[in-house]
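Quick note, the sequences are listed as chains X, V, L and A, same order.
Sequential numbering of the first sequence, starting at 1, is according to this note's numbering.
Sequential numbering of the second sequence, starting at 1, is according to this note's numbering.
Sequential numbering of the third sequence, starting at 1, is according to this note's numbering.
Sequential numbering of the fourth sequence, starting at 1, is according to this note's numbering.
In this text, a Cβ means the ideal position worked out from N, Cα and C, and glycines have one as well.
What you are looking at is a predicted structure, and each value in this text was computed from that prediction instead of being measured.
What follows is a short report on a single structure.
4 protein chains.
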Amino acid sequence: MKVPEHRSLKEKQRLEREELILQVAQDVVLEKGYRDTSMDEIAARVGIAKGTLYLHFARKEDLMLAFFEREMQNILQAIEQLPVTEEMSARAKLESIVNIMHKDASGKRANLLFILFNSEDFKITLQQKSLDTLRRISDKVRAYLEEGKTRGEFDPNIPTDILLSSFFSVLSPRAHRRLFLEEGYTRQEVLSCVQKIFFRGIAKQPS
Amino acid sequence: MKVPEHRSLKEKQRLEREELILQVAQDVVLEKGYRDTSMDEIAARVGIAKGTLYLHFARKEDLMLAFFEREMQNILQAIEQLPVTEEMSARAKLESIVNIMHKDASGKRANLLFILFNSEDFKITLQQKSLDTLRRISDKVRAYLEEGKTRGEFDPNIPTDILLSSFFSVLSPRAHRRLFLEEGYTRQEVLSCVQKIFFRGIAKQPS
Amino acid sequence: MKVPEHRSLKEKQRLEREELILQVAQDVVLEKGYRDTSMDEIAARVGIAKGTLYLHFARKEDLMLAFFEREMQNILQAIEQLPVTEEMSARAKLESIVNIMHKDASGKRANLLFILFNSEDFKITLQQKSLDTLRRISDKVRAYLEEGKTRGEFDPNIPTDILLSSFFSVLSPRAHRRLFLEEGYTRQEVLSCVQKIFFRGIAKQPS
Amino acid sequence: MKVPEHRSLKEKQRLEREELILQVAQDVVLEKGYRDTSMDEIAARVGIAKGTLYLHFARKEDLMLAFFEREMQNILQAIEQLPVTEEMSARAKLESIVNIMHKDASGKRANLLFILFNSEDFKITLQQKSLDTLRRISDKVRAYLEEGKTRGEFDPNIPTDILLSSFFSVLSPRAHRRLFLEEGYTRQEVLSCVQKIFFRGIAKQPS
DNA sequence: CATGAATGAGTGTTCATTCAT
DNA sequence: CATGAATGAACACTCATTCAT
Numbered sequence: 001m002k003v004p005e006h007r008s009l010k011e012k013q014r015l016e017r018e019e020l021i022l023q024v025a026q027d028v029v030l031e032k033g034y035r036d037t038s039m040d041e042i043a044a045r046v047g048i049a050k051g052t053l054y055l056h057f058a059r060k061e062d063l064m065l066a067f068f069e070r071e072m073q074n075i076l077q078a079i080e081q082l083p084v085t086e087e088m089s090a091r092a093k094l095e096s097i098v099n100i101m102h103k104d105a106s107g108k109r110a111n112l113l114f115i116l117f118n119s120e121d122f123k124i125t126l127q128q129k130s131l132d133t134l135r136r137i138s139d140k141v142r143a144y145l146e147e148g149k150t151r152g153e154f155d156p157n158i159p160t161d162i163l164l165s166s167f168f169s170v171l172s173p174r175a176h177r178r179l180f181l182e183e184g185y186t187r188q189e190v191l192s193c194v195q196k197i198f199f200r201g202i203a204k205q206p207s
Numbered sequence: 001m002k003v004p005e006h007r008s009l010k011e012k013q014r015l016e017r018e019e020l021i022l023q024v025a026q027d028v029v030l031e032k033g034y035r036d037t038s039m040d041e042i043a044a045r046v047g048i049a050k051g052t053l054y055l056h057f058a059r060k061e062d063l064m065l066a067f068f069e070r071e072m073q074n075i076l077q078a079i080e081q082l083p084v085t086e087e088m089s090a091r092a093k094l095e096s097i098v099n100i101m102h103k104d105a106s107g108k109r110a111n112l113l114f115i116l117f118n119s120e121d122f123k124i125t126l127q128q129k130s131l132d133t134l135r136r137i138s139d140k141v142r143a144y145l146e147e148g149k150t151r152g153e154f155d156p157n158i159p160t161d162i163l164l165s166s167f168f169s170v171l172s173p174r175a176h177r178r179l180f181l182e183e184g185y186t187r188q189e190v191l192s193c194v195q196k197i198f199f200r201g202i203a204k205q206p207s
Numbered sequence: 001m002k003v004p005e006h007r008s009l010k011e012k013q014r015l016e017r018e019e020l021i022l023q024v025a026q027d028v029v030l031e032k033g034y035r036d037t038s039m040d041e042i043a044a045r046v047g048i049a050k051g052t053l054y055l056h057f058a059r060k061e062d063l064m065l066a067f068f069e070r071e072m073q074n075i076l077q078a079i080e081q082l083p084v085t086e087e088m089s090a091r092a093k094l095e096s097i098v099n100i101m102h103k104d105a106s107g108k109r110a111n112l113l114f115i116l117f118n119s120e121d122f123k124i125t126l127q128q129k130s131l132d133t134l135r136r137i138s139d140k141v142r143a144y145l146e147e148g149k150t151r152g153e154f155d156p157n158i159p160t161d162i163l164l165s166s167f168f169s170v171l172s173p174r175a176h177r178r179l180f181l182e183e184g185y186t187r188q189e190v191l192s193c194v195q196k197i198f199f200r201g202i203a204k205q206p207s
Numbered sequence: 001m002k003v004p005e006h007r008s009l010k011e012k013q014r015l016e017r018e019e020l021i022l023q024v025a026q027d028v029v030l031e032k033g034y035r036d037t038s039m040d041e042i043a044a045r046v047g048i049a050k051g052t053l054y055l056h057f058a059r060k061e062d063l064m065l066a067f068f069e070r071e072m073q074n075i076l077q078a079i080e081q082l083p084v085t086e087e088m089s090a091r092a093k094l095e096s097i098v099n100i101m102h103k104d105a106s107g108k109r110a111n112l113l114f115i116l117f118n119s120e121d122f123k124i125t126l127q128q129k130s131l132d133t134l135r136r137i138s139d140k141v142r143a144y145l146e147e148g149k150t151r152g153e154f155d156p157n158i159p160t161d162i163l164l165s166s167f168f169s170v171l172s173p174r175a176h177r178r179l180f181l182e183e184g185y186t187r188q189e190v191l192s193c194v195q196k197i198f199f200r201g202i203a204k205q206p207s
């Protein structure tokens, strides 16, 4: 009995520390970007030696990928736990997804994902590991878009690929960053307008 | 009289070289990204010494800023030279602008702007220098958006800031990159669908 | 009575483990060389914690020295247990020694000694600890060389030191490695030729 | 005329510096071995910045290879410039080669070659670059060994490969290091004895 | 003005060694 | 006694920037 407890204590501490590292790494990446985030700085901010960092993540890449993946997992889980009923419209379902993506109060999550997503270096990592979670999220959205088309909610003349691409580009929280940060709009306000635009835009046209 | 002429000759050569540097720098950035573009490589490709590069641009940042600015200038000029007549709808005018942004056959221009716009390092520079041209382009778009509202083309209930932000996010050529590169759509096809979505989305609703 | 037994049991276990460590260390060194053998890997292969390794050997050097010494001890013992009769020629005795050095079928032993003997790092250790066993082995060879001289087998005009040095350089199994590995000669073949050369070379000249 | 002179001046300085780097690198390698020789230390001892080192040699490997190759070239050249006449015996020719290999008063050259030759890391480099010079030297020796066989000087029953391997192992200056350094023998003395052993050993046996 | 050699701070990563548990 | 997490010095290599010529 003793050993398991002991182990799980250590394991718990390990996970806590790993969590801390991920948190710090996120902060630094948010401040400085992927390239300018050095393992040195992360270690220093966490308050551990550089070598210790490498005990948790064998490469800088892995660390970055870890928190990217974690965020994607969070999103995917939230999406999968969404209460979807038959009578809900496709639009309502997609709006729930948008809400999840924007939920993070500080907007950190979205920024982070965006930074990584567009980092020249990270893209390579991403391709190599071909993140499954990413695909599953986008498949979910695609499924709802197609559902909307068959239900007669959305315009069937626009290819689903293009709808998907548009969904992520307009509704991406990053896209409208400036509005919150500099222009004083609330997230809610922006979100509701942008959704309005998108869903009107893709709505099935009265024949 | 002599000296000025001499000077202006030199000045002309200087400008020609500067132009060449900017061209080369663009190519390299397109190939390798901001961070992986080294001053060495630019100098080598231009065929001048590295020191000479620094005679034209005191920092790497400045060089990058310069060609960013130049592209923006090109776009601004094209926008300003657009043949706009009174009877043209606001939508038609905005579509012309979108065309300009996408015109560049290879998509080079758009890629370039996007790379810089999202480069971790360059963002800082951009904020510091607060590019005037950028503002003037966006002012132009904003003006047309507002014109559309007053003309009854666009929904007056959506704040212009949000329309603007949406305009740039959906219509950005970069947003839909994957569709050309991996999914086999043509630029034209994507563009026309995305425009349809956007303009329908912002259209004034029948009361 | 109890405690000593207990102790000796523990002591026995300790020695067994030490033996195991030495075995594993040898294998790794043979595979990867001195420098690329990490304490981590040895510990992992033995199945103990890294800290435990340091309970047995305070430094990496010491561990390496230990198995070097052990091999030398093995060789020395084998040499000392050689059945030497009065009527055996000095040459026959020396040939037995050569056989011992080459006996190890796989050539492991010889490779190992050579690796350590020529390892940049290890040489320092070797000098500091000035391995006694090494000297005893070479003393044995020297004794036979001198015996050969007095018996009239070997040329008395060549200083024994030089004979000794030559003995180890020509007859070293490592010296002819390439011949086995790349040229397809058998160990036996090479050995017999090389011995022929050496013993003819040092034979007393007919006056 | 001016530019060429200028260039050749710069070029001369460059070569001088490169020479200095090679010298220093040799010294450090002799002191510490391949692995423990750091680029930092070489730079510091030369009195230049680390970056400057990399201006001359793009990798540590290249620097090491450069002076290895240089030494081999020196030896090869000396061998090729040897005055060989028809009536010279094969043995005489081979002795000249041995003399060249031992000529270096301090024995530095030989040590250096040996260190590199047996460095775990450098071997890889050597294999990749498959040093031509090395092969040409050994081909020269092999040619003389075979000449000796056909002339009836050397024992035709021993495969030339084995003769070659023995030649380099017995006659290698490194093999007998200890004798000079610790036992007080002169190079000349050792050399002459060792040659005697080798050439007697390989001599054709009276039938 | 043009050059390009020189700089040196900075990067990710490794690994022998220590020590609290 | 055994553990293995933590350390931190060390390494090869890069590149924007400077400056003597």
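Worksheet item: Can you tell me the Cα-Cα spacing of V:D104 and X:L65, whole angstroms?
Response: One alpha carbon belongs to V:D104, the other to X:L65, and they sit about 34 Å apart.
Worksheet item: So does the stretch 12–29 of chain L actually touch the stretch 19–33 of chain V, counting three or more Cβ pairs closer than 8 Å?
Response: Contact between the stretch 12–29 of chain L and the stretch 19–33 of chain V is absent: fewer than 3 CB-CB pairs across the two stretches fall below 8 Å.
Discussion item. Can you tell me whether V:A215 is helix, strand or coil according to DSSP?
Written reply: Here chain V covers residues 1 to 207 and nothing more, so residue 215 of chain V does not appear.
Discussion item. If you measure between the beta carbons of X:E41 and X:V29, is that distance less than 8 Å?
Written reply: Taking 8 Å as the Cβ cut-off, X:E41 and X:V29 do not qualify as a contacting pair.
Worksheet item: Grouping DSSP H, G and I as helix and E and B as strand, with all else coil, what is X:Q49?
Response: Note that residue 49 of chain X is Ala in the sequence shown, not Gln. Coil at X:A49, not helix or strand.
Worksheet entry | Cutoff 6 Å; reference V:L94; Cβ partners in own chain excluding five residues on either side | Only Y144 meet the Cβ criterion.
Worksheet entry | Span separating the alpha-carbon of V:E86 from that of V:A92 | Rounded to the nearest angstrom, the two C-alpha atoms are 11 Å apart.
Practice prompt. Go ahead and label A:Q81 buried or exposed: buried means 16 or more other beta carbons lie within 10 angstroms of its beta carbon, across all protein chains shown.
Written response: A:Q81 should be labelled exposed.
Practice prompt. Compare the C-beta of L:G148 with all C-beta atoms of chain A and state if any pair is closer than 8 Å.
Written response: Judged by the 8 Å Cβ criterion, L:G148 is not in contact with chain A.
Fill in: Close beta carbons around A:L53, own chain, < 7 Å, minus the five adjacent residues each side
The beta carbon of A:L53 lies closer than 7 Å to those of I21, M39, I42 and A43 in the same chain, with the five residues before and after it left out.
Worksheet entry | Minimum length 4: unbroken alpha helix (DSSP H) runs contained in the stretch 114–139 of chain X | Secondary structure within the stretch 114–139 of chain X: the alpha helix (DSSP H) runs of 4 or more consecutive residues, fully enclosed, are 120–129 (chain order).
Worksheet entry | Residue(s) in a DSSP beta bridge with L:A203 | Beta-bridge pairing links L:A203 to L:F154.
Worksheet item: Looking at V:G201 and X:I197, is the spacing between their C-beta atoms short of 8 Å?
Response: Yes. Within cutoff.
Item to complete: With DSSP as the reference, label A:Y279 as helix, strand or coil.
Response: Any question about residue 279 of chain A goes unanswered here, given that chain A covers just 1 to 207.
Fill in: Interfacial residues, the stretch 175–194 of chain X to chain V, with Cβ spacing under 9 Å
Residues A175, H176, R177, R178, L179, E183, Y185, E189, V190, C193 and V194.
Worksheet item: Under 8 Å between C-beta atoms, does L:V170 make it to chain A?
Response: In terms of beta-carbon proximity, L:V170 lines the interface with chain A, with at least one pair separated by less than 8 Å.
Worksheet item: Would you call X:K60 buried or exposed, if buried means 16 or more other Cβ atoms sit within 10 Å of its Cβ?
Response: By the neighbour-count criterion, in which 16 or more other beta carbons inside 10 Å mark a residue as buried, X:K60 falls on the buried side.
Worksheet item: For V:G148, which of helix, strand or coil comes out of DSSP?
Response: The answer is helix: DSSP assigns V:G148 an H, G or I state.
Worksheet item: In three-state DSSP terms, what is X:V29?
Response: Helix, per DSSP.
Discussion item. Using a Cβ-Cβ distance cut-off of 8 Å, determine whether A:R59 contacts chain L.
Written reply: Chain L, which has no Cβ nearer than 8 Å to the Cβ of A:R59, makes this no.
Worksheet item: By the 10 Å Cβ neighbour count, where 16 or more other Cβ atoms means buried, how is X:Q127 classified, buried or exposed?
Response: Result: exposed.
Worksheet item: With a cut-off of 8 Å, do at least 3 Cβ pairs link the stretch 165–176 of chain V to the stretch 172–191 of chain X?
Response: They touch, by the three-pair rule.
Discussion item. Please report the distance separating the alpha-carbon of V:T186 from that of V:F180.
Written reply: Near 6 Å, if we compare the C-alpha coordinates of V:F180 and V:T186.
Discussion item. Cβ closer than 7 Å: which chain V residues qualify as neighbours of X:F154?
Written reply: None at all; the shortest Cβ gap to chain V is about 10 Å.
Worksheet entry | Inside the stretch 60–92 of chain L only - alpha helix (DSSP H) runs reaching at least 4 residues | The stretch 60–92 of chain L contains, as complete alpha helix (DSSP H) runs of 4+ residues, the segments 60–80 (chain order).
Worksheet item: Ordered along the chain, which non-local residues of its own chain (more than five positions away) have a Cβ less than 8 Å from that of X:K129?
Response: Residues L65 of the same chain have their beta carbon placed closer than 8 Å to that of X:K129, with the five preceding and five following residues left out of the count.
Worksheet item: Is A:M1 close to chain L, meaning its C-beta is less than 8 Å from at least one C-beta of that chain?
Response: Interpretation of A:M1 is limited by its pLDDT of 43, a score under 50 that renders its predicted location unreliable; the figure taken from the coordinates is listed afterwards. Chain L contact via Cβ: absent.
Worksheet item: Given X:Y34, which residues of its chain have a CB within under 7 Å of its CB, disregarding the five upstream and five downstream residues?
Response: Only M64, I115, L116, S119, D121 and F122 meet the Cβ criterion.
Worksheet entry | Option in X:T150, X:V141, X:S192 and X:P159 with minimal Cα separation from X:I79 | Nearest C-alpha to X:I79: X:V141.
Worksheet entry | chain A residues whose Cβ lies nearer than 8 Å to that of L:I158 | Residues of chain A with a Cβ closer than 8 Å to the Cβ of L:I158 are, in chain order, C193, K196 and I197.
Discussion item. Once DSSP output is grouped into helix, strand and coil, what is the label at X:M1?
Written reply: With a pLDDT of only 42 at X:M1, under the threshold of 50, the placement of this residue in the model should not be trusted; the figure read from the coordinates follows. For X:M1, the three-state secondary structure derived from DSSP is coil.
Worksheet item: Got a sec: is the Cβ-Cβ distance from V:S89 to anything in chain X below 8 Å?
Response: Using beta-carbon distances, V:S89 does not count as an interface residue toward chain X, since no partner is under 8 Å.
Discussion item. For A:S138, which residues in the same chain have their Cβ closer than 7 Å to its Cβ, ignoring the five residues on either side in sequence?
Written reply: Closer than 7 Å at Cβ, skipping near neighbours: L164.
Worksheet item: Any heavy atom of the ligand HEM closer than 7 Å to the Cβ of V:V46?
Response: Looking for the ligand HEM in the displayed structure turns up nothing, as the structure carries no ligands at all.
Discussion item. Would V:I202 pass as an interface residue toward chain X - the criterion being a Cβ-Cβ separation below 8 Å?
Written reply: V:I202 belongs to the set of residues whose beta carbon lies under 8 Å from a beta carbon in chain X.
Fill in: Spatial distance of X:L134 from X:I124 (CA atoms)
For the pair X:L134 and X:I124, the Cα-to-Cα distance works out to about 15 Å.
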